[in-house]
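Have a look at the structure below, then the notes.
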Amino acid sequence: MFPAEASFAGADAAMLPPFFVGSMWQSAPGGGAAALSEEDEVAAAAAAEAAHDRAVAATRNHREAEKRRRERIKSHLDRLRAVLACDPKIDKATLLAKAVERVRELKQRMAGVVGEAAAPASHLFPTEHDEIVVLASGGGAGGAAAVFEASLCCDDRSDLLPGLIDTLRALRLRTLRAEMATLGGRVRNVLVLARDAGSAGHDDDDYAASSEDGGADFLKEALRALVERQGAAAGDRPKRRRVADMNMQAAA
1 MFPAEASFAG
11 ADAAMLPPFF
21 VGSMWQSAPG
31 GGAAALSEED
41 EVAAAAAAEA
51 AHDRAVAATR
61 NHREAEKRRR
71 ERIKSHLDRL
81 RAVLACDPKI
91 DKATLLAKAV
101 ERVRELKQRM
111 AGVVGEAAAP
121 ASHLFPTEHD
131 EIVVLASGGG
141 AGGAAAVFEA
151 SLCCDDRSDL
161 LPGLIDTLRA
171 LRLRTLRAEM
181 ATLGGRVRNV
191 LVLARDAGSA
201 GHDDDDYAAS
211 SEDGGADFLK
221 EALRALVERQ
231 GAAAGDRPKR
241 RRVADMNMQA
251 AA
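The numbering of the sequence shown is the UniProt record's numbering, which starts it at 1 and goes up by one.
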C-alpha cells in the first residue's frame with residue numbers, strides 16, 4: 001500500500017512543474033521569513049537614500065554659503081582697494097597691511113584733534129605784556145599765496161581794530177581766520193592772513209624786498225608800529241579807569 005502511494009506521489013511529482021513542486025514540499029514558515037526580509041531591505045534602502053539626499057543637500061547648502069562668504073570678502077577687499085587707491089592686482093596681505101596702517105594714522109589724527117579740542121585755549125588769552133608773533137606758514141613762491149599766522153597782544157583800545165584793518169589793507173593781506181579774546185582790559189588777536197604773490201609789486205621798496213622772504217618780518221614791524229602808536233595815543237587810560245573805579249566805590 002505504501003509503495004503504491006509513494007510511486008503515485010513520485011509520478012505526480014514528475015508531472016508537476018519544478019517551482020510548484022518546490023513550493024508544495026517546502027514549509028510555510030520559510031516563505032514568510034523571506035517576505036519579511038525583503039520588506040526590511042526595501043525600508044533600509046529607502047532610509048539610506050533619504051540619508052544620502054540629506055547629505056547631498058547639506059553639502060550643497062555649505063557650498064553655497066561658502067560661495068556667498070567668499071563673494072562678501074571679495075567685495076570688502078575691492079572696497080578697501082578703492083578707498084586706499086591701491087592697485088587692483090595687489091595681494092590681500094599687502095592690502096590688509098595698508099588698511100591697518102591707514103586706520104592707525106586716522107586714529108592718531110583723531111587723537112590730535114580731540115586733544116586740541118579738549119585742551120584749554122590758554123594760548124588765546126591775553127597776557128600782561130605786549131606780544132607780537134608772526135609765523136610764515138607757506139607759499140610766497142611760484143605764484144602761490146603766502147600765508148601768515150599773526151598773534152597780537154596789547155591793551156584793548158577802541159581804535160585798535162580800525163588801525164589793524166588799515167594796516168592789513170595797506171599790506172594787501174586778506175584775513176582767512178580771526179580769533180579775539182579780551183581779559184582785564186587786554187586783548188589778543190590771532191589772525192591767519194594770506195597774500196597773493198601778485199601783490200608783491202608794491203610801490204614801497206622795503207615791501208618789495210621783504211616779499212622775497214615771505215614778508216613775515218615786515219608784517220611784524222608793521223604790527224609793532226601799530227601797537228606803539230595806539231599805546232602812545234591812549235596813555236592816560238589807566239588813570240581814567242582808576243577814577244571810574246573810585247566813583248563806583250563812592251556811589252556804593
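Glycine is no exception: its CB is placed at the ideal position from the N, C-alpha and C atoms.
Query: Whole-Å CB distance - L171 paired with L219, under 8 Å assumed; Result: 6 Å
Query: Cβ-based neighbour list, L135, same chain, cut-off 6 Å, excluding 5 preceding and 5 following; Result: E149
Query: Closest by C-alpha distance to L183, when choosing among T127, V227, I132 and R224; Result: T127
Query: Separation of R174 from K74, as counted between CA atoms; Result: 50 Å
Query: Beta-carbon separation (whole angstroms), L152 vs R195, contact threshold 8 Å; Result: With a Cβ gap of about 17 Å, L152 and R195 do not count as contacting.
Query: Contact under 7 Å by Cβ, L80 with A99; Result: yes
Query: DSSP three-state assignment for L77, whether helix, strand or coil; Result: helix
Query: First through last residue of the beta strand (DSSP E) which encompasses D166; Result: Careful: D166 lies outside any beta strand (DSSP E), inside the alpha helix (DSSP H) at L160 to A170.
Query: Rounded straight-line distance, which links the Cα of R72 to that of E64; Result: 12 Å
Query: Alpha carbon of R186 to alpha carbon of L160, nearest angstrom; Result: 11 Å
Query: D166 vs V227 beta-carbon contact at 7 Å; Result: no
Query: Where the beta strand (DSSP E) containing T175 begins and where it ends; Result: R174 to L183
Query: Opposing strand residues paired with C153 [DSSP bridges]; Result: E131 and R188
Query: Nearest-angstrom Cα separation, counted from M110 out to C154; Result: 34 Å
Query: Same chain only: Cβ atoms within 6 Å of A178, ignoring 5 sequence neighbours per side; Result: L191
Query: Simplified DSSP assignment, three categories, for F148; Result: strand
Query: Burial state of A222, where buried means 16 or more other Cβ atoms lie within 10 Å; Result: buried
Query: Three-state secondary structure (DSSP) of D206; Result: Reliability fails at D206, whose pLDDT of 48 lies under 50, so the model's placement of it is uncertain and no value is given.
Query: DSSP three-state assignment for A216, whether helix, strand or coil; Result: helix
Query: With 16 other Cβ atoms within 10 Å as the buried cut-off, status of L106; Result: exposed
Query: Distance CB(A181)-CB(L96) smaller than 7 Å; Result: no
Query: Close-in-space but distant-in-sequence residues of the same chain around K92 (CB under 7 Å, 5 per side omitted); Result: L77
Query: DSSP three-state assignment for A85, whether helix, strand or coil; Result: coil
Query: beta-carbon L173 near the ligand ATP non-hydrogen atom, thresh 6 Å; Result: Although the ligand ATP was asked about, the structure shown includes no ligands whatsoever.
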